[in-house]
Amino acid sequence: MDDPYQFGAIAAANALSDVYAMGGRPILALNVVCFPDNLPKRVLGEVLRGGGDVAAEAGVLIAGGHTLRDAEPKYGMSVTGLLRPDALVTNAGARPGDALVLTKPIGTGIVTTAAKAGSVDPAALDAAVATMRHLNRDASLAMQAVGVHAATDVTGFGLIGHLTGMMRGSGASARIDASAVPALPGVRELLAQGVAPGGTRNNLTAAEPHTTWSPRLTEADRLLLCDAQTSGGLLVAVPAERLPRLLDELSARGVSHAVVGAVDERAGALISVEG
């Protein structure tokens, strides 16, 4: 992000997501900052203000931090949270018959790559910033209220990559309905222009050995499902009988969501993507 305030806000939201994905409540954070001498200190101030505002929204105390000189600006948080051991949600508990629910649209890597090249619609960038800036707190509260088998946040390895980790840990396979996966505005148009970050293309290459794709899916479709996300949503495996309640809980909290697939017994390919 060129906007230092949003840069800080998105980084903070991203840092908090791992605790939310495990069903926890973040309580403390330490800022971790690398900053060059050739940028004005007011830029750093805006980065920290953005992170501080998101931490305050989450009810998290920033208890200090560490700052280093570096050629490239970097910002993140080391986060500590609380949860009950008997309520821990991991990415390794999915069971055959579970439904897969995604709580944010994907495509942030594609949109921000276009932004770096100065070729993105401002409205599309605003939508990507809004979703990256949005906390996964309410999605986490919804899954805690219902009781789910597994969850992960969707970040750098993309939807297929993080689902792969979940299925490997769970000893299961997954089916994804590509048509059900929500995408950010403008993403498909950017893919049609050949816009995709290197990380997304690497994710697709990594997915190929254990993923079967419907022949109706184009390379653009496959890239979207492998797009490297920043501060993406939660991917939740929920028992089928609890799915209606989870959807109700998400709706009541104003959380966007989509049922994108299901978990099967381990057989054949780890991930099967239908068109």
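Note that my numbering has the sequence shown beginning at -11, numbered continuously upward.
Every residue, glycine too, gets a C-beta built ideally from N, C-alpha and C.
Predicted model, so just to flag it, every value in this text is computed and none were measured.
Whole-angstrom distance between residue 138 and residue 7, CA atom to CA atom: What you label residue 7 is simply residue 19 of the sequence shown in a count that begins at 1. What you label residue 138 is simply residue 150 of the sequence shown in a count that begins at 1. The alpha-carbon atoms of residue 7 and residue 138 are separated by roughly 13 Å.
For residue 147 and residue 112, the rounded distance between their alpha carbons: Counting from 1 along the sequence shown, the entry for residue 112 is found at position 124. Counting from 1 along the sequence shown, the entry for residue 147 is found at position 159. Going from the Cα of residue 112 to the Cα of residue 147 covers about 20 Å.
Residue 67 - DSSP class collapsed to helix/strand/coil: On the sequence shown, position 79 is the one that residue 67 refers to. Residue 67: strand per DSSP, three-state reduction.
Rounded separation between residue 119 and residue 233 - CA only: Counting from 1 along the sequence shown, the entry for residue 119 is found at position 131. Counting from 1 along the sequence shown, the entry for residue 233 is found at position 245. The straight-line gap from Cα to Cα measures roughly 24 Å.
Bridge partners - residue 57, DSSP secondary structure assignment: By one-based count along the sequence shown, residue 57 stands at place 69. Its beta-bridge partners are 23.
Proximity of residue 205 and residue 98 at Cβ, strictly below 8 Å: The count along the sequence shown starts at 1 and reaches residue 205 at position 217. The count along the sequence shown starts at 1 and reaches residue 98 at position 110. No, the Cβ-Cβ distance between residue 205 and residue 98 is not below 8 Å.
Residue span of the beta strand (DSSP E) that contains residue 200, given as start and end: As a working mapping, residue 200 is identified with position 212 in the sequence shown. It spans 199 to 201 - the beta strand (DSSP E) in which residue 200 sits, taken as one unbroken run.
Under the three-state DSSP convention, the category residue 62 falls into: Counted from its first residue, the sequence shown places residue 62 at position 74. It is a strand residue.
Three-state class that DSSP yields for residue 72 in the structure shown: The count along the sequence shown starts at 1 and reaches residue 72 at position 84. Looking at residue 72 - three-state DSSP - the assignment turns out to be coil, as it is neither helix nor strand.
Own chain partners of residue 157 with C-beta closer than 6 Å, once the 5 adjacent residues on each side are dropped: The residue you call residue 157 lines up with position 169 of the sequence shown. Around residue 157: 79, 80.
Whole-angstrom distance between residue 219 and residue 145, CA atom to CA atom: Counted from its first residue, the sequence shown places residue 145 at position 157. Counted from its first residue, the sequence shown places residue 219 at position 231. Computed Cα separation, rounded: 12 Å.
Cutoff 7 Å; reference residue 46; Cβ partners in own chain excluding five residues on either side: The residue you call residue 46 lines up with position 58 of the sequence shown. For residue 46, where only same-chain residues beyond five positions count, the Cβ hits under 7 Å are 4, 14, 123, 125.
Cβ-heavy atom distance, residue 247 to the ligand FMN, below 7 Å: Summarising the ligand content, the structure contains no ligands, and the ligand FMN is consequently not present.
Whole-Å CB distance - residue 217 paired with residue 143, under 8 Å assumed: Here residue 217 refers to the residue found at position 229 when the sequence shown is read from its first residue. Here residue 143 refers to the residue found at position 155 when the sequence shown is read from its first residue. So it is a contact: roughly 5 Å between Cβ atoms.
Enclosing beta strand (DSSP E) for residue 140 [first to last residue]: Position 152 of the sequence shown, counted from the first residue, corresponds to residue 140. Its beta strand (DSSP E) spans residues 138 to 141.
Own chain residues within Cβ distance below 8 Å of residue 24, not counting five before or after: In the sequence shown, the residue the question calls residue 24 occupies position 36. If we look at residue 24 and ignore the five residues flanking it on each side, its Cβ neighbours are 57, 58, 59, 60, 61.
According to DSSP, residues forming a beta bridge with residue 251: Numbered from 1 along the sequence shown, position 263 holds the residue referred to as residue 251. Partner(s): 162.
Coarse secondary structure for residue 90, derived from DSSP in three states: The residue labelled residue 90 in the question sits at position 102 within the sequence shown. Strand.
For residue 125, the three-state DSSP class (helix, strand or coil): Locating residue 125 in the sequence shown gives position 137, where the first residue counts as 1. Helix at residue 125.
Length of the line joining the Cα atoms of residue 18 and residue 33: To locate residue 18, count along the sequence shown from 1; it is residue 30. To locate residue 33, count along the sequence shown from 1; it is residue 45. Going from the Cα of residue 18 to the Cα of residue 33 covers about 16 Å.
Length-filtered (3 minimum) beta strand (DSSP E) runs lying within the segment 167 to 219: 199 to 201
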